[in-house]
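Letter 143 of the sequence shown, counting from 1, is numbered 143 in my numbering, and no numbers are missing.
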Amino acid sequence: MNLLDKVKHIAIFVIVSCEFVFASNGIAAEPESTLPETFMVLPFIVLLLMIATGPLFYHHFWEKHYPKVAVFLGSITVVYYLIFLNDTHSLLHTLTEYLSFIALLSSLFVASGGILIKVDRKSTPLLNVIMLFIGAVAANLIGTTGASILLIRPFIKVNKDRIKAYHVIFFIFIVSNIGGALTPIGDPPLFLGFLRGIEFFWFIQHMWYIWLPTVLLVLLIFYLIDMRNQSPDDKSTEYSGKIEFKGIKNVLYLLIILISVFVDPGIFSWVPSLLPLPVGLREIIMFSTVYLSYKNADQKILRANEFDFEPIKEVAYLFIGIFATMIPALQLIAHESKVLGDKLNPGTFYWATGTLSAFLDNAPTYLNFLSAELGKYGFDVNIKSQVLQFQQLYPVYLQSISVAAVFFGAMTYIGNGPNFMVKSICERAGITMPSFFGYLVKYSIPILLPVFAIIWYLFY
Numbered sequence: 001m002n003l004l005d006k007v008k009h010i011a012i013f014v015i016v017s018c019e020f021v022f023a024s025n026g027i028a029a030e031p032e033s034t035l036p037e038t039f040m041v042l043p044f045i046v047l048l049l050m051i052a053t054g055p056l057f058y059h060h061f062w063e064k065h066y067p068k069v070a071v072f073l074g075s076i077t078v079v080y081y082l083i084f085l086n087d088t089h090s091l092l093h094t095l096t097e098y099l100s101f102i103a104l105l106s107s108l109f110v111a112s113g114g115i116l117i118k119v120d121r122k123s124t125p126l127l128n129v130i131m132l133f134i135g136a137v138a139a140n141l142i143g144t145t146g147a148s149i150l151l152i153r154p155f156i157k158v159n160k161d162r163i164k165a166y167h168v169i170f171f172i173f174i175v176s177n178i179g180g181a182l183t184p185i186g187d188p189p190l191f192l193g194f195l196r197g198i199e200f201f202w203f204i205q206h207m208w209y210i211w212l213p214t215v216l217l218v219l220l221i222f223y224l225i226d227m228r229n230q231s232p233d234d235k236s237t238e239y240s241g242k243i244e245f246k247g248i249k250n251v252l253y254l255l256i257i258l259i260s261v262f263v264d265p266g267i268f269s270w271v272p273s274l275l276p277l278p279v280g281l282r283e284i285i286m287f288s289t290v291y292l293s294y295k296n297a298d299q300k301i302l303r304a305n306e307f308d309f310e311p312i313k314e315v316a317y318l319f320i321g322i323f324a325t326m327i328p329a330l331q332l333i334a335h336e337s338k339v340l341g342d343k344l345n346p347g348t349f350y351w352a353t354g355t356l357s358a359f360l361d362n363a364p365t366y367l368n369f370l371s372a373e374l375g376k377y378g379f380d381v382n383i384k385s386q387v388l389q390f391q392q393l394y395p396v397y398l399q400s401i402s403v404a405a406v407f408f409g410a411m412t413y414i415g416n417g418p419n420f421m422v423k424s425i426c427e428r429a430g431i432t433m434p435s436f437f438g439y440l441v442k443y444s445i446p447i448l449l450p451v452f453a454i455i456w457y458l459f460y
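Written out as structure tokens, the structure is:
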């Protein structure tokens, strides 16, 4: 396929992702009652714009009232679905996904907050690269959230004399997103795929050869930038070279959280279903771990980590608005991608999944495009045997959306839950972080987008 043909296929993506915004009267292929009107994407667009502009142009209002704004805009969508569509199923499904999302993030956040890592070494570009690579590997073992919360404070403290915004941005790129592409534990989109029937080790088998060069390339870019920010030698400061680790009992809580990930009736038949409750046994275990790990944490460690609940509070409020307001957008996108399924190749799915994962939460975006890919070949995403068959027959399609959902989550603060938490922790530590648009224009577009374009050109 020549470059012109590839551009044509990407143009189809523009139709997929934008047609639902500009269409005038819903979508004709299904009854109007089953799909929302296209104007119902407006609350989502307004929320994204306010997240982008609030901290920049009306900081004091936003800082004080962002929970009310998120809940209010989300309530518009909820009322519309209840009264005009009489659709409680979509709302309950989204509530279930949100509670699973916040249970995992909050439990990893609190458990990791009770662990203290001290690295008493001089900050150098090479040491930073090593720490970021360790974080990328750890993200696959304890999730991008766990790795981010565990390592962001040591990373800040090592660089305390020369910390800049780009240090945090590259931390978000590598540890909070790209690193977690090798296991279902790594990032929520892959976990949703695992629950639907994708084999646990499929991801590392089919994604390591994309993951490794991508991580190394982004680390190389970071190294070249960090080399220009060398701190002057301070011979009065002596470093022991020691690495301290405290809070071993919280490691046990992390282990409980990771085991609870698999406590699901869809994985093990002996796990009881708690329907019609919007939570399962897994979420109950995770929320219980939040309470127990905080109550039993070493207070000295919490103080040393400057631990508080503000970062997870910000994520909880903003994402309840995002999860609610994005319901219409996701439904319309999923419909259009199925309608145009015969025109969509792996490259188109890569850009569609990636672009929308940058601005929507990447987990439900991934699930919608997984459903669209299966629908293209007549498979049902709700039947595990068919998901497994699709995985075996069309691995490049599955790989394209898996890579895109995880990698593109780094493009904005709202692409993935840990991004906002890291940003909040750093701001409370006195680090000036770029605005939503500043993050895009100065960092993710010029740095990540060319890297992701290379991946597309080589593989899709």
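Glycine included, each C-beta is placed from N, C-alpha and C at the ideal position.
Check, Outcome
"Extent of the continuous alpha helix (DSSP H) run through residue 119", "It is not in any alpha helix (DSSP H) - residue 119 instead sits in the beta strand (DSSP E) that spans 116–119."
"Segment contact, 8 Å Cβ cut-off, at least three pairs: the segment 93–100 with the segment 318–325", "yes"
"DSSP-derived helix/strand/coil call for residue 243", "strand"
"Spatial neighbours of residue 346 in its chain, beta-carbon cut-off 6 Å, leaving aside the 5 residues before and after", "396, 397, 400, 460"
"CB of residue 177 within 9 Å of CB of residue 410, strictly", "yes"
"As assigned by DSSP and simplified to three states, the class of residue 345", "coil"
"Residue nearest to residue 175 in terms of C-alpha spacing, selected from 138, 220, 268, 364", "138"
"C-beta contact flag for residue 311 and residue 428 at 9 Å", "yes"
"Rounded C-alpha distance that separates residue 202 from residue 56", "42 Å"
"Residue interval of the alpha helix (DSSP H) (run including residue 427)", "417–428"
"Element boundaries [alpha helix (DSSP H), containing residue 229]", "First-last for residue 229: undefined, no H or E at that position."
"Alpha-carbon spacing of residue 350 relative to residue 455, whole angstroms", "10 Å"
"Pair within 9 Å by beta-carbon distance, residue 54 and residue 104", "no"
"Proximity below 9 Å, CB of residue 140 to CB of residue 182", "yes"
"CB of residue 184 within 9 Å of CB of residue 416, strictly", "no"
"Residue 191 and residue 132 closer than 9 Å at C-beta", "no"
"Whether residue 129 touches residue 253 by CB criterion (9 Å)", "no"
"Collapsed DSSP secondary structure at residue 261 in the structure displayed", "coil"
"Assigned exposure category for residue 135 - 16 Cβ within 10 Å defines buried", "buried"
"Other residues of its chain near residue 226: CB distance less than 7 Å, five sequence neighbours each side excluded", "125, 128"
"Buried versus exposed, by CB contacts within 10 Å (16 or more), residue 81", "buried"
"Three-way DSSP call (helix, strand, coil) for residue 363 in this model", "helix"
"Whole-Å CB distance - residue 447 paired with residue 163, under 8 Å assumed", "Not quite, the Cβ-Cβ distance comes to about 19 Å (not below 8 Å), so this is no contact."
"Cβ pair count under 8 Å reaching 3, the segment 357–370 against the segment 192–201", "yes"
"Between the CA atoms of residue 39 and residue 23 - distance to the nearest angstrom", "Because the pLDDT of residue 23 is 37, which lies under 50, any placement of that residue in the model is unreliable, and the number read from its coordinates should be weighed accordingly. Distance between the alpha carbons of residue 23 and residue 39 is about 9 Å."
"Buried versus exposed call for residue 471 [16 or more other C-beta atoms within 10 Å across all chains shown]", "This structure gives no information on residue 471, because the portion of the chain shown stretches from 1 to 460."
"For residue 63, the first and last residue of its enclosing alpha helix (DSSP H)", "59–83"
"Minimum length 3: unbroken beta strand (DSSP E) runs contained in the segment 97–155", "116–119"
"Close beta carbons around residue 146, own chain, < 7 Å, minus the five adjacent residues each side", "108, 112, 254"
"Boundaries (first-last residue) of the alpha helix (DSSP H) holding residue 38", "From DSSP, residue 38 is part of no alpha helix (DSSP H); its letter is neither H nor E."
"DSSP-derived helix/strand/coil call for residue 183", "coil"
"Chain-order list of residues whose beta-carbon lies under 8 Å from that of residue 289 (same chain, five-residue window excluded)", "107, 110, 111, 253, 256, 257, 260"
"CB contact flag (residue 315, residue 115, <9 Å)", "no"
"Helix, strand or coil at residue 200 [DSSP, three-state]", "coil"
"4-residue-minimum alpha helix (DSSP H) runs that sit fully inside the segment 244–312, ordered along the chain", "248–260, 281–295, 299–304"
"Backbone CA spacing between residue 37 and residue 332 [nearest angstrom]", "9 Å"
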